[in-house]
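Quick notes on the structure that follows.
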Amino acid sequence: MEADPPPQISRFLTEGDTIEFGNQTLDVLHTPGHCPGNVTLTWPGNAIVGDTLFYGSIGRTDLEGGDMALLMRSIRTKLLPLGENTQIYPGHGPFSTIGAEMATNPFLQN
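Take the sequence shown: its position 82, counting from 1, is numbered 82 in this note's numbering, and each next residue is one higher.
Right, dumping it as structure tokens:
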């Protein structure tokens with residue numbers, strides 16, 4: 001079976017960039033830790049967090065470029081300030097909210 005080649009990278013995303021997506025503007029936050037170039041895409045009340053934060057857990061840091069201290073800093077300084085009612089959409093598993101993760105995620109308890 002043949003597959004199309006992957007698309008070419010048209011640009012790299014950095015903190016402060018925006019992406020027009022339909023009628024929404026997505027803001028880019030640099031959230032390293034799982035990997036050096038990890039980003040989170042946000043729009044009012046929502047965040048696509050990828051492998052930074054999960055329902056009840058956090059992203060892996062045991063792969064090349066992973067850094068637990070940097071991941072926790074990204075969560076505490078970039079994601080938690082988005083507000084308790086912000087819906088998070090992880091790269092795997094169910095969605096959640098910042099508030100639910102602050103209350104129940106064992107990695108965010110201290």
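C-beta: ideal position from N, C-alpha, C; glycine also.
#1: Whether or not the stretch 55 to 67 and the stretch 9 to 16 are in contact is what I'm after, with contact meaning three or more pairs of Cβ atoms, one per stretch, closer than 8 Å; do they touch?
#2: How is the beta strand (DSSP E) around A3 delimited, first residue to last?
#3: If the criterion is Cβ atoms closer than 7 Å, does the pair K78 and T31 meet it?
#4: Using a threshold of 7 Å, state whether the C-beta atoms of I98 and E84 are closer than that.
#5: Would L63 be called buried (16 or more neighbouring beta carbons within 10 Å of its own) or exposed?
#6: Determine the extent of the beta strand (DSSP E) in which L26 is found, giving its start and end residues.
#7: Mapping DSSP to helix, strand and coil, what is L13?
#8: Rounded to whole angstroms, what is the Cα-Cα separation between D27 and P94?
#9: What's the gap between the Cα of G50 and the Cα of C35?
In this structure, then:
#1: Note that the stretch 9 to 16 does not touch the stretch 55 to 67; fewer than 3 beta-carbon pairs, one per stretch, sit closer than 8 Å.
#2: Position 3 of the sequence shown, counting from 1, holds the residue named residue 3. Note, A3: premise wrong, no beta strand (DSSP E); not H, not E.
#3: In the sequence shown, residue 78 corresponds to position 78, counting from 1. In the sequence shown, residue 31 corresponds to position 31, counting from 1. A contact, by the Cβ cut-off of 7 Å.
#4: As a working note, residue 98 is residue 98 in the sequence shown. As a working note, residue 84 is residue 84 in the sequence shown. Taking 7 Å as the Cβ cut-off, I98 and E84 qualify as a contacting pair.
#5: Here residue 63 refers to the residue found at position 63 when the sequence shown is read from its first residue. Looking at its Cβ environment, which holds fewer than 16 other Cβ atoms inside 10 Å, L63 is exposed.
#6: Counting from one through the sequence shown, the residue named residue 26 turns up at place 26. Run containing L26: Q24 to H30, per the beta strand (DSSP E) assignment.
#7: Taking the first residue of the sequence shown as position 1, residue 13 is located at position 13. Coil, per DSSP.
#8: Residue numbering aside, residue 27 sits at position 27 when the sequence shown is read from its first letter. Residue numbering aside, residue 94 sits at position 94 when the sequence shown is read from its first letter. So the alpha carbons of these two residues sit roughly 22 Å apart.
#9: Residue numbering aside, residue 50 sits at position 50 when the sequence shown is read from its first letter. Residue numbering aside, residue 35 sits at position 35 when the sequence shown is read from its first letter. Cα-Cα distance, rounded: 11 Å.
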